[in-house]
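Student:
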Amino acid sequence: MEIRVLFFGVLAEVTHTMFKHYRDIASYSDLMFRIRDEFPEIIHYNYRIAVNSEMVNEDPELKNFDEVVFMPPFAGG
Amino acid sequence: MEIRVLFFGVLAEVTHTMFKHYRDIASYSDLMFRIRDEFPEIIHYNYRIAVNSEMVNEDPELKNFDEVVFMPPFAGG
Amino acid sequence: MKIEENILNEGPVTQETISYWLSIMGKNKNLGGHSIFIGQVRDDVKGLKKVIAIEYSAYPEMAKKEAGNIKQEILKEFPDVKDLHILHSTGRVMAGEVSLMVLVSAGHRHQAIDACAKTVELIKGKLPVWKKEIFEDNSHEWVHENPA
Amino acid sequence: MKIEENILNEGPVTQETISYWLSIMGKNKNLGGHSIFIGQVRDDVKGLKKVIAIEYSAYPEMAKKEAGNIKQEILKEFPDVKDLHILHSTGRVMAGEVSLMVLVSAGHRHQAIDACAKTVELIKGKLPVWKKEIFEDNSHEWVHENPA
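Structure (structure tokens):
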């Protein structure tokens, strides 16, 4: 499936991108594997994952064209 | 001594005045006696007394030209 | 910051007055938060009669002094507070109009927020101000309590 | 009251914007109190460098949704609240400029004040917004914590 990935905050800086498009993704763990492979630095950062602007924990079921979002701890205000 | 007396809030309404001037006052209790004599209705109301914009309890020592103020419970805001 | 100042405002506190105070409070670049409380006259119904206005009276000399005491108490409890302004109406304020403005500026948000809330309570408890509700039929009733 | 709405504001929240929201909030005559919080960028010194601005980024779709969740949580806890507006900056906000406005209107003062304070905390904890401090020499540092 095709998955759109967004990086916010410091992670956009670390990955030098805010947006990536991945094709032929088999599952969430497949996606995570490919992202960590491409951006090994991100393991040094805290982040949470949202799918289609909904926070997820564990190992969510992904659908074609889902948006997977990497979010460092919020710092609004 | 001469004492200036102010009535605020509902007490100005009850006494039909905001301001009274008393002459030949011997003491605080003499003043209170004359006020209660003139305005017997005020005993039905709660109030505190200030002298020269300073709250007093008991039986304050008055000086000539002091200002004695009758204040119902505050209701600001 | 001036400690004793006249906080009484003849008639309602207007939008222009509030905007003016907002515009001058932000000048200081080491402030992080401003907390503002605006009290407005409600068109409550008492029995069968609707409140159309509140008429405030105050003891000005003591109000000035008590406002100074309130400021000093706040600055002692909230040392991060850099600025505190109070405006309280006297005279008639119609329903929907503003009768009280409290504006607190501090380095950080918690003290701004807590100091503003406390200032409002101190004003209710310590400021020598009285009010009567004016009804549609022009009758009135003195407010003896301080409902929340 | 609209529950989901765009609360993101490109650049600083201006005095004009704040005055506009203040002017429309008072229209309702059964309101008794408005509590407003205004957050401003501080020119803190970090090490030897002075902060000249904060640059905010946000995840807009989720910010809209979370703002709706925050409103619903507030309305549930504070049923006297009649209106709640949030504006949060994105992009660069210079020291001394405003990056956050929260405005809460209620029938009575306590719920207005408490709901505003709680909304500010929920914004800090739940809104998908990130910030970096920009220093005089144009270097920057991401803010990872939420100091009070």
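Residue numbers (this note's numbering), protein chains in the order written: chain A, 30 to 106; chain B, 30 to 106; chain C, 19 to 166; chain D, 19 to 166.
We treat Cβ as the ideally placed atom computed from N, Cα and C, and that holds for glycine.
Quick caveat: nothing in here was measured; it's all calculated off a predicted structure.
Any C-beta of chain A within less than 7 angstroms: which residues of the stretch 56 to 81 of chain D qualify?
Tutor: 57, 75, 77, 79, 80
Student: If distances are taken between C-alpha atoms only, which option among C:39, C:123, C:114 comes closest to residue 89 of chain C?
Tutor: The residue given as residue 89 of chain C occupies position 71 in the third sequence. Ranking C:39, C:123, C:114 by Cα distance to residue 89 of chain C puts C:123 first.
Student: Could one say the Cβ of residue 149 of chain C lies closer than 8 angstroms to chain F's Cβ atoms, at least one of them?
Tutor: In the structure shown, chain F does not exist; the protein chains are A, B, C and D.
Student: Using 10 angstroms around the beta-carbon of residue 166 of chain C, count the other beta-carbons present and answer buried if the total reaches 16, otherwise exposed.
Tutor: Within the third sequence, the letter at position 148 stands for residue 166 of chain C. Low per-residue confidence applies at residue 166 of chain C: pLDDT is 41, beneath 50, and the placement is therefore not dependable, though the value from the model is reported in the following sentence. Exposed, because fewer than 16 other Cβ atoms sit within 10 Å of the Cβ of residue 166 of chain C.
Student: Which residues in the same chain have their Cβ closer than 8 angstroms to the Cβ of residue 35 of chain D, if we skip the five residues on either side of it in sequence?
Tutor: The residue labelled residue 35 of chain D in the question sits at position 17 within the fourth sequence. For residue 35 of chain D, the CB contacts under 8 angstroms within the same chain, skipping 5 residues up- and downstream, are 27, 105, 119 in chain order.
Student: On the DSSP bridge list, what partners appear for residue 63 of chain B?
Tutor: Within the second sequence, numbered from 1, the residue matching residue 63 of chain B stands at position 34. Beta-bridge pairing links residue 63 of chain B to no other residue.
Student: Apart from the five residues on each side of it in sequence, which residues of its chain come closer than 8 angstroms, Cβ to Cβ, to residue 63 of chain D?
Tutor: Locating residue 63 of chain D in the fourth sequence gives position 45, counting from the first residue. Here the set comprises 69.
Student: Mind listing which residues of the stretch 68 to 100 of chain A have their C-beta closer than 7 angstroms to chain D's C-betas, in chain order?
Tutor: 79, 82, 98, 100
Student: Within this structure, are the beta carbons of residue 65 of chain B and residue 51 of chain B separated by less than 8 angstroms?
Tutor: Walking along the second sequence from the start, residue 65 of chain B turns up at place 36. Walking along the second sequence from the start, residue 51 of chain B turns up at place 22. The answer is no: Cβ separation not under 8 angstroms.
Student: What's the gap between the Cα of residue 146 of chain C and the Cα of residue 50 of chain C?
Tutor: Stepping through the third sequence from its first residue, residue 146 of chain C is reached at position 128. Stepping through the third sequence from its first residue, residue 50 of chain C is reached at position 32. Whole-angstrom Cα-Cα distance: 32 angstroms.
Student: Among B:70, B:90, B:94, whose alpha-carbon lies nearest the alpha-carbon of residue 42 of chain B?
Tutor: As a first step, residue 42 of chain B is located in the second sequence; it is residue number 13 there, counting from the start. Minimum Cα distance to residue 42 of chain B is reached at B:70.
Student: Quick one: grab the DSSP three-state call for residue 19 of chain A.
Tutor: Because chain A is modelled from 30 through 106, residue 19 of chain A falls outside the range shown and cannot be assessed.
Student: Using beta carbons (cut-off 8 angstroms, strictly below), is residue 144 of chain D in contact with chain A?
Tutor: Against the fourth sequence, residue 144 of chain D aligns to sequence position 126. Cβ-Cβ to chain A under 8 angstroms: yes for residue 144 of chain D.
Student: Which residues of the stretch 33 to 67 of chain B have a Cβ closer than 8 angstroms to any Cβ of chain C? Give them in chain order.
Tutor: 35, 37, 38, 39, 41, 42
Student: If we define contact as Cβ-Cβ less than 8 angstroms, is residue 141 of chain D a contact residue for chain A?
Tutor: Counted from its first residue, the fourth sequence places residue 141 of chain D at position 123. Contact with chain A is found for residue 141 of chain D, since one of that chain's Cβ atoms lies less than 8 angstroms from the residue's Cβ.
Student: Are the beta-carbon atoms of residue 61 of chain D and residue 136 of chain C separated by less than 8 angstroms?
Tutor: Here residue 61 of chain D refers to the residue found at position 43 when the fourth sequence is read from its first residue. Here residue 136 of chain C refers to the residue found at position 118 when the third sequence is read from its first residue. No, these two residues do not count as a Cβ contact at 8 angstroms.
Student: Can the beta-carbon of residue 35 of chain B be found less than 8 angstroms from the beta-carbon of residue 99 of chain B?
Tutor: The sequence position of residue 35 of chain B within the second sequence is 6, counting from 1. The sequence position of residue 99 of chain B within the second sequence is 70, counting from 1. For residue 35 of chain B and residue 99 of chain B, yes; Cβs fall inside 8 angstroms.
Student: Comparing C-alpha positions only, which one of D:94, D:132, D:113 sits nearest to residue 152 of chain D?
Tutor: As a working note, residue 152 of chain D is residue 134 in the fourth sequence. Nearest option by C-alpha distance: D:113.
Student: From which residue to which residue does the alpha helix (DSSP H) around residue 132 of chain D run?
Tutor: Indexing the fourth sequence from 1 puts residue 132 of chain D at position 114. Run containing residue 132 of chain D: 127 to 144, per the alpha helix (DSSP H) assignment.
Student: Hey, quick one: how far does the beta strand (DSSP E) through residue 120 of chain D stretch, first residue to last?
Tutor: Indexing the fourth sequence from 1 puts residue 120 of chain D at position 102. Looking at the DSSP string, the run of the beta strand (DSSP E) that includes residue 120 of chain D is 116 to 124.
Student: Return the first residue and the last residue of the alpha helix (DSSP H) that residue 38 of chain D is part of.
Tutor: To locate residue 38 of chain D, count along the fourth sequence from 1; it is residue 20. Note, residue 38 of chain D: alpha helix (DSSP H), 33 to 43.
Student: Going by the beta-carbon positions, is the gap between residue 133 of chain D and residue 111 of chain D smaller than 8 angstroms?
Tutor: Position 115 of the fourth sequence, counted from the first residue, corresponds to residue 133 of chain D. Position 93 of the fourth sequence, counted from the first residue, corresponds to residue 111 of chain D. No.
Student: How would you label residue 53 of chain B, buried or exposed, when you count the other beta carbons within 10 angstroms and need 16 or more for buried?
Tutor: On the second sequence, residue 53 of chain B is found 24 positions in, with the first residue counted as 1. The residue in question, residue 53 of chain B, is exposed, as its Cβ has fewer than 16 Cβ neighbours within 10 Å.
Student: In this structure, does DSSP put residue 85 of chain B in helix, strand or coil?
Tutor: Position 56 of the second sequence, counted from the start, is the residue given in the question as residue 85 of chain B. Looking at residue 85 of chain B - three-state DSSP - the assignment turns out to be strand.
Student: Beta-carbon separation of residue 83 of chain C and residue 106 of chain B under 8 angstroms?
Tutor: Counting from 1 along the third sequence, the entry for residue 83 of chain C is found at position 65. Counting from 1 along the second sequence, the entry for residue 106 of chain B is found at position 77. No, they are not a contact pair.
Student: Within 8 angstroms of any Cβ in chain D, is that where the Cβ of residue 27 of chain C sits?
Tutor: As a position in the third sequence, residue 27 of chain C is number 9, starting the count at 1. Not one chain D Cβ lies under 8 angstroms of residue 27 of chain C.
Student: Could you tell me whether the Cβ of residue 41 of chain D comes closer than 8 angstroms to any Cβ of chain C?
Tutor: Here residue 41 of chain D refers to the residue found at position 23 of the fourth sequence. At least one chain C Cβ lies under 8 angstroms of residue 41 of chain D.
Student: Could you tell me the boundaries of the alpha helix (DSSP H) in which residue 80 of chain D lies?
Tutor: Residue 80 of chain D sits at position 62 when you count from the first residue of the fourth sequence. Start and end: 78 to 95.
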